[in-house]
Structure formats: structure tokens, C-alpha cells
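A.B. asks:
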Amino acid sequence: MRLNLKDIINVPGAVEPFEFQMDLSDLDFNGAHPIDQPVFVSGRVRNMAGALVLEAEAKTELHLTCDRCTKPITKEQVVPIETLLAEELADEASEDEIVLLDGDVVDLDEVMTTALIFAMDQKNLCSEDCKGICAGCGVDLNVGECRCKPEVDPRLAALAQLLEDKESE
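Heads up, the sequence shown is in our numbering, so the first residue is 573 and it goes up one at a time.
Structure (C-alpha cells):
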């Protein structure tokens, strides 16, 4: 959504509210498409003494896979954003903090998509104490015990063999 701000750019105290939905189902994250629900965006742009401030919130439901046990998980994602809008930059140091207008227009789709992507977790877990899957036998350690035999340190293999022989007697 492109929001035209010509009515508030030169009017201190003016507010331009907005509300819309975005479809980000085509965004690919390592072969997965976790944003398969609409993203609901609402907010406003305020002219505060000549400075345009964008305040918004994006909400959606993410469909992810636990990075430890591979169970499907669903998580609500709420991303608040507050940033300055400007027609031009005074210096390049503030480039990351200010969104440039295209004439009198701000591209809210681009701003909110970027904010949503940056807010996504690097690691997704079904729970903080998820134990994952055993690399040896493949059992889900949240559900059952590992069926692997403990590996013997090669330096102690002879001792382990003696203990096995003694147990079998």
C-alpha cells in the first residue's frame, strides 16, 4: 500500500491513519513459506513539529517447524514499528533509522515487510526445553528415551570388553 502524505506534510499536528492487509505467502525462507496467513497492518503517520513519525503494528500467524524436533508449530507474530519519514537525508549515517518518501508517498508494504522479516526469530522452538531428536536412533527425545548404546571411548575399549565378558558369565 502506498500512502500519500501530501495533506499532512506541511501541517504540524496532523495525523494520517491507515489499515490494510498484505499477502506475504510468496516469501521463501529456506524452502518454507511460514507467512501463509494475511498480515494485518494498522497505524498512523503523525506530523510532529514538521517531523513525520510512522507508528504501526503488523500482526500475523506464522506456521513454522521446530528446529530441534521438527514438529510443526504455529506462532502469532506481532511487530511494532516506529520510524521517521523524510523527503531527503541530511547525512548517510541516519540511513538505517529514516525511511525516505517517494515524493509525498511512503511505500508501507516495503516498510512493514522489512520490519516483519527482521523481527522473525533465527531459531524456532516448540518449547524452550525441547530436547530435539537423537542423532543416532532418531527418536524424539521429548517423547521417549534414546535407544542408542553408549559409545565407548576407544581408549577404554579393552576395559569395556572385560566388563561385558564378566557380565555374560
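Each residue gets a CB set at the ideal place from its N, CA and C atoms; glycine is no exception. All values reported here derive from a predicted model rather than from experimental measurement.
Check whether the Cβ atoms of ALA628 and VAL611 lie closer than 7 Å to each other.
C.D. replies: Taking the first residue of the sequence shown as 1, we reach residue 628 at position 56. Taking the first residue of the sequence shown as 1, we reach residue 611 at position 39. No, Cβ-Cβ distance for ALA628 and VAL611 is not below 7 Å.
A.B. asks: Specify, as a first and last residue, the run of the alpha helix (DSSP H) that ASP737 falls within.
C.D. replies: In the sequence shown, the residue the question calls residue 737 occupies position 165. Where ASP737 is concerned, the enclosing alpha helix (DSSP H) stretches over 729-740.
A.B. asks: Quick one: what does DSSP say PRO683 is sitting in, helix, strand or coil?
C.D. replies: On the sequence shown, position 111 is the one that residue 683 refers to. Note that residue 683 corresponds to Val in the displayed sequence, not to Pro. Correct three-state label for VAL683: helix.
A.B. asks: Could you tell me how far apart the beta carbons of ASN696 and ILE645 are, in whole angstroms, since I believe they sit closer than 8 Å?
C.D. replies: Indexing the sequence shown from 1 puts residue 696 at position 124. Indexing the sequence shown from 1 puts residue 645 at position 73. Rounded, the Cβ-Cβ distance is 7 Å, consistent with contact.
A.B. asks: Just tell me which of CYS709, GLY710, VAL651 and LEU673 has its CA closest to the CA of LEU661.
C.D. replies: In the sequence shown, counting from the first residue as 1, residue 661 sits at position 89. It is LEU673.
A.B. asks: Rounded to whole angstroms, what is the Cα-Cα separation between LEU731 and GLU739?
C.D. replies: The sequence position of residue 731 within the sequence shown is 159, counting from 1. The sequence position of residue 739 within the sequence shown is 167, counting from 1. LEU731 and GLU739: Cα-Cα distance of roughly 13 Å.
A.B. asks: What are the residues that DSSP puts in a beta bridge with PHE592?
C.D. replies: Here residue 592 refers to the residue found at position 20 when the sequence shown is read from its first residue. Beta-bridge pairing links PHE592 to VAL613.
A.B. asks: Using DSSP with H/G/I as helix, E/B as strand and the rest coil, what is MET689?
C.D. replies: As a working note, residue 689 is residue 117 in the sequence shown. A small correction: the amino acid at residue 689 is Ile; Met does not occupy that position in the sequence shown. Correct three-state label for ILE689: helix.
A.B. asks: Alpha carbon to alpha carbon, how far is LEU734 from ASP725? Give it in angstroms, no decimals.
C.D. replies: Taking the sequence shown and counting its residues from 1, the one referred to as residue 725 is at position 153. Taking the sequence shown and counting its residues from 1, the one referred to as residue 734 is at position 162. Taking the straight line from one Cα to the other gives about 14 Å.
A.B. asks: Buried or exposed for MET684, going by 16 or more other Cβ atoms inside 10 Å?
C.D. replies: Counted from its first residue, the sequence shown places residue 684 at position 112. Label assigned to MET684: buried.
A.B. asks: Starting from the C-beta of CYS553, find all residues in its chain whose C-beta is less than 6 Å away, skip the five residues before and the five after it, and write them out in chain order.
C.D. replies: Residue 553 lies beyond the residue range present for the chain, which begins at 573 and ends at 741; the question has no answer from this structure.
A.B. asks: Specify the secondary structure class of PRO722 as computed by DSSP and reduced to three states.
C.D. replies: If you number the sequence shown from 1, residue 722 lands on position 150. DSSP places PRO722 in coil when its eight states are reduced to three.
A.B. asks: Can you tell me which of VAL677, ARG574, ASP681 and ALA658 puts its alpha carbon nearest to the alpha carbon of VAL625?
C.D. replies: Within the sequence shown, numbered from 1, the residue matching residue 625 stands at position 53. The shortest C-alpha separation from VAL625 is found at ALA658.
A.B. asks: With DSSP collapsed to three states, give me the class of MET620.
C.D. replies: By one-based count along the sequence shown, residue 620 stands at place 48. Looking at MET620 - three-state DSSP - the assignment turns out to be strand.
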